[in-house]
Every structure is written in structure tokens, then in C-alpha cells.
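*Asks:*
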Amino acid sequence: MAQNLENQITLLRHEIAQYKSIIKEMSVPLIESSLNNTLLMPLSGHLFQERITQIEVKLFNHLQEHRHVKTVIMDFTGISHKNTIMMSIDELSDALRNLHMTLTVVGIRVVYTGFQSEVIFNFVKSCFNEQLETYPTYRLALEHLYKELHFFTENLKNED
Numbered sequence: 010m011a012q013n014l015e016n017q018i019t020l021l022r023h024e025i026a027q028y029k030s031i032i033k034e035m036s037v038p039l040i041e042s043s044l045n046n047t048l049l050m051p052l053s054g055h056l057f058q059e060r061i062t063q064i065e066v067k068l069f070n071h072l073q074e075h076r077h078v079k080t081v082i083m084d085f086t087g088i089s090h091k092n093t094i095m096m097s098i099d100e101l102s103d104a105l106r107n108l109h110m111t112l113t114v115v116g117i118r119v120v121y122t123g124f125q126s127e128v129i130f131n132f133v134k135s136c137f138n139e140q141l142e143t144y145p146t147y148r149l150a151l152e153h154l155y156k157e158l159h160f161f162t163e164n165l166k167n168e169d
């Protein structure tokens with residue numbers, strides 16, 4: 010009977026490890042946008058240091074494999090103030106600021122959408138609002154990027 014319980018415990022631990030792996034993979038979705046060279050990263054749920062590290066690793070691995078990506082839209086619609094309580098706002102701001110600066114240094118344009126008002130208030134208090142390109146919704150950001158692309162392609166046609 011003891012052996013049977015140990016086998017069950019081993020199986021359950023294996024199942025838990027599989028579920029953790031699945032959750033980890035699903036926690037950072039990366040979606041190719043309908044706009045060329047643009048990647049959407051919709052975030053939801055809790056933000057904490059380990060998750061931000063997961064976001065960074067998955068994003069940079071993706072960018073390494075897909076060098077055509079020039080713009081990353083980080084959508085925070087699914088993140089509310091209660092989802093950020095596992096870190097101090099300063100820690101969260103520092104982590105996102107570092108991610109933003111790293112992406113910018115490697116030539117990636119970062120666009121932010123969907124910040125909830127209480128999250129914005131805390132980011133402004135912590136000075137993580139310097140020079141950020143933000144839009145209330147993903148749709149508005151995409152519309153703006155499409156307009157820019159259209160303007161750019163029209164100017165290219167006019168130069169020919």
C-alpha cells in the first residue's frame with residue numbers, strides 16, 4: 010500500500026510539473042499582428058519578478074528568431090492594480106523600465122496599450138512614463154501604426 014501511495018505521489022508531482030510548464034508557456038502569449046513587423050503581447054493576470062523574467066526571456070528568444078519584428082505592442086488591458094500587488098510599484102516600474110530600455114537599445118519600438126487608471130497613476134508617481142508611446146486600446150494603437158505606414162508608403166511612392 011505504501012508503494013502504491015508513493016507511485017501516486019510521483020504521478021501527481023509529474024502532473025503538477027506538466028501543468029506548471031503549460032501555465033508558464035501560456036502566461037506570455039506572443040501574437041504576430043496583421044501589421045507587418047509588429048508583435049502583440051497581451052498580458053493578463055498577476056505581475057511579479059519571476060513572471061517579468063519569463064516575459065523577457067520569451068520575448069527576446071522570439072525576437073532572436075524573428076528578426077523582422079520592429080515593433081512590440083504590450084497590451085496591459087488584463088492587468089489591474091490588484092494584479093500588481095505582488096511587487097512594489099517601484100520594483101514593477103524598474104523592471105518594465107529596464108525591459109523598455111533594452112528593447113529600445115536593440116532597435117525595437119515599444120507601444121503600450123490598455124493601462125488601467127490606477128496603474129497609470131502609480132507609474133507616473135514612480136516616473137515610468139518618460140517618453141512612452143501609449144494608447145488606451147490595442148485597436149487605437151494599431152490604427153495609428155497603420156496610418157503611419159500608409160503615410161510612409163505614400164511618401165515613398167511620391168519620391169519615385
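In this text, residue positions in the sequence shown follow our numbering: the first is 10, and each later residue adds one. Where is the CB? At the ideal position from N, CA and C, for every residue including glycine.
Quick one: Cα of MET110 to Cα of PHE130, how far?
*Replies:* Distance between the alpha carbons of MET110 and PHE130: 21 Å.
*Asks:* Going by the beta-carbon positions, is the gap between LEU49 and ILE40 smaller than 8 Å?
*Replies:* yes
*Asks:* Could you compute how far the alpha carbon of LEU154 sits from the alpha carbon of ILE18?
*Replies:* 52 Å
*Asks:* Does DSSP put LEU44 in a helix, in a strand, or in coil?
*Replies:* coil
*Asks:* How big is the Cα-Cα spacing for LEU56 and THR122?
*Replies:* 16 Å
*Asks:* With DSSP collapsed to three states, give me the class of VAL81.
*Replies:* For VAL81, the secondary structure class from DSSP, reduced to helix, strand or coil, is strand.
*Asks:* In angstroms, rounded to a whole number, what distance separates the CA positions of GLU142 and SER102?
*Replies:* 15 Å
*Asks:* Can you tell me where the beta strand (DSSP E) with ARG118 in it begins and where it stops?
*Replies:* 118-122
*Asks:* Nearest to THR47 by alpha carbon, out of LEU151, GLU24, GLU127?
*Replies:* LEU151
*Asks:* Can you grab the Cα-Cα spacing for the pair THR86 / THR146, in whole Å?
*Replies:* Pairing THR86 with THR146, the inter-Cα distance amounts to about 8 Å.
*Asks:* Can you tell me which of GLU59, LEU68, GLN140 puts its alpha carbon nearest to the alpha carbon of ARG106?
*Replies:* GLN140
*Asks:* I believe GLN73 touches VAL37 by the beta-carbon criterion, under 8 Å. Please report the beta-carbon distance rounded to the nearest angstrom.
*Replies:* With 8 Å as the limit, GLN73 and VAL37 do not qualify as a contact, their Cβ atoms being about 15 Å apart.
*Asks:* By the 10 Å Cβ neighbour count, where 16 or more other Cβ atoms means buried, how is ALA104 classified, buried or exposed?
*Replies:* buried
*Asks:* Does the Cβ of THR113 have 16 or more other Cβ atoms within 10 Å, making it buried, or fewer, making it exposed?
*Replies:* exposed
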